[in-house]
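Participant:
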Amino acid sequence: EKTKLRQLKNSPAVTLDGIDVALYANIELPGDVRDALDGGAEGIGLFRTEFLFLDRGDMPDEQEQYEAYKKVVKGMGGRPVTIRTFDLGNDKDLRPDNNANDRVKTNPALGRRAIRLSLSEPKMFQTQLRAILRASKHGPIKLLIPMLAHAHEIDQTLAALEQAKSSLRGEKVAFDENIQVGGMIEIPAAALAVGIFLRRLNFLSIGTNDLIQYTLAIDRSDEQVANLYDPLHPAVLMLLAHTISSAEKAGIPVSVCGETAGDPKLTRLLLGMGLRTFSMHPSQVLKVKSRILKSDVSELAPNVRKMLRLDEPAKLREALEKLNG
Ligand code: PEP
Ligand code: MG
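256 is the number of the first residue of the sequence shown in full-length UniProt numbering; add one for each residue after it.
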């Protein structure tokens, strides 16, 4: 089975009816680039930069961040790399000095997390944006913003990016002037009001890990409710389908980078919704590719459309089994 999968490494991910699918890897540290390439990924769809904080008390400075980002783009040898700005402040507050007292009093998942934290720490944010921009002269980098909900957060982020660009221009430092900026769709409000994102950004990436958490009010790290964490909940499927089809209509690229993208049992469902870009843990890439090679979108899309009208969980599961059958 493993050797069979290895043989797929160099063949393109194309469906039986000739639709090209892009398969990217999620990484946490520059050292994961080797796993991404070994795993058969065509690029990095999500670099979770907050892991640069792992096991350290201070913030990596601009030069250190630049070196880390450069290492990833260079390592990927011209393949696209999507760098997400820090998603700090929640379950992944990796700083040993994070204030444990504050965190029990409030709910970190609903608190000053990710872009909210970055916008409230302009110096930290400028440092990261400058480092990413500087690295963009070494290869195709896209910038991805986590946990956006409001139009003004996008506008403020784009203004911060402009500021970082103009400071670099002033110093005559090279960077990609046309760097693409995307937003994570991982808050139900963002999925429902996706027009706000489509009008302001160059691409979208759906973070199903958080989207499911917030849609179902299930703490993704709480084992006591893990049995209720369900990617197939009809509400989750509605948000996914709405986001993907709205992006497609607007001509804005959309990917899924949460765990659902790496689950081969959900590959056909996502293909049928119109998804053409998947980003996942490197170990899943060839498994998902194997499903894609055996799928016919023209045949499964009408079945998925029917599935999306079902809101009875048992019927949905039955329909999924048939789709995968
Ligand atoms: C997600 O929320 O689905 C996602 C990809 O981001 P993270 O798991 O880092 O929150
Ligand atoms: Mg997330």
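Just so it is clear, CB atoms sit at the ideal spot from N, CA and C, and this is done for glycine as well.
(1) Output the distance between the C-alpha atoms of GLU408 and GLY580, rounded to the nearest integer angstrom.
(2) Assess, as a yes-or-no matter, whether the segment 281-293 is touched by the segment 555-567 under the definition of 3 or more beta carbon pairs within less than 8 Å.
(3) Around the ligand MG, which residues pass a check of Cβ closer than 5 Å to any of its heavy atoms?
(4) Report whether the distance from the Cβ of LEU301 to the nearest heavy atom of the ligand PEP is below 7 Å.
(5) Would you mind stating whether LEU466 and LEU494 have Cβ atoms separated by less than 8 Å?
(6) Given the structure, does GLY513 come close to the ligand PEP, in the sense that its CB is under 7 Å from one of the ligand's heavy atoms?
(7) Check whether the Cβ of ASP342 sits closer than 7 Å to any heavy atom of the ligand PEP, and report yes or no.
(8) Which of the three DSSP states is assigned to TYR324 in this structure?
(9) With a CB to CB cut of under 7 Å and the five nearest residues on each side skipped, what residues in its chain are close to LEU260?
(10) So what does DSSP say about GLN262, is it helix, strand or coil?
(11) Please state whether DSSP places LYS561 in a helix, a strand or coil.
(12) Can you give the Cα-Cα distance for MET402 and THR340, rounded to whole angstroms?
(13) Work out the CA separation of VAL276 and GLY333 for me, nearest whole Å.
(14) How about LEU413 and VAL436: are their beta carbons less than 8 Å apart?
(15) Do you know how far the Cα of GLN468 is from the Cα of VAL480?
(16) Considering only their Cβ atoms, is the gap separating TYR279 from ILE299 smaller than 8 Å?
(17) Let me know the beta strand (DSSP E) ranges lying completely inside the segment 265-316, each 3 residues or longer, listed in chain order.
(18) Output needed for LYS326: all residues of its chain with C-beta closer than 8 Å, excluding positions within five of it in sequence on either side, in chain order.
(19) How would you write the range of the alpha helix (DSSP H) that VAL540 sits in, first residue to last?
(20) Counting Cβ pairs, one atom from each stretch, are 3 or more of them under 8 Å apart for the segment 455-466 and the segment 383-395?
(21) Identify whether GLY527 lies in helix, strand or coil by the three-state DSSP scheme.
(22) State buried or exposed for PRO537, treating a residue as buried only when at least 16 other CB atoms are found within 10 Å of its CB.
(23) Between PRO519 and the rest of its own chain, which residues show a CB-CB distance below 6 Å, the 5 nearest in sequence each way excluded?
(24) What residues in its chain sit with their C-beta under 6 Å from that of GLU317, if we drop five residues either side in the sequence?
Facilitator: Reading off the structure:
(1) 43 Å
(2) no
(3) GLU441, GLY462 and ASP465
(4) yes
(5) yes
(6) yes
(7) yes
(8) helix
(9) LEU541, LYS542 and SER545
(10) coil
(11) helix
(12) 10 Å
(13) 18 Å
(14) yes
(15) 11 Å
(16) yes
(17) 277-282 and 299-303
(18) PRO285 and VAL288
(19) 540-548
(20) no
(21) helix
(22) buried
(23) LYS542, VAL543 and ARG546
(24) THR382, ARG385 and ALA386
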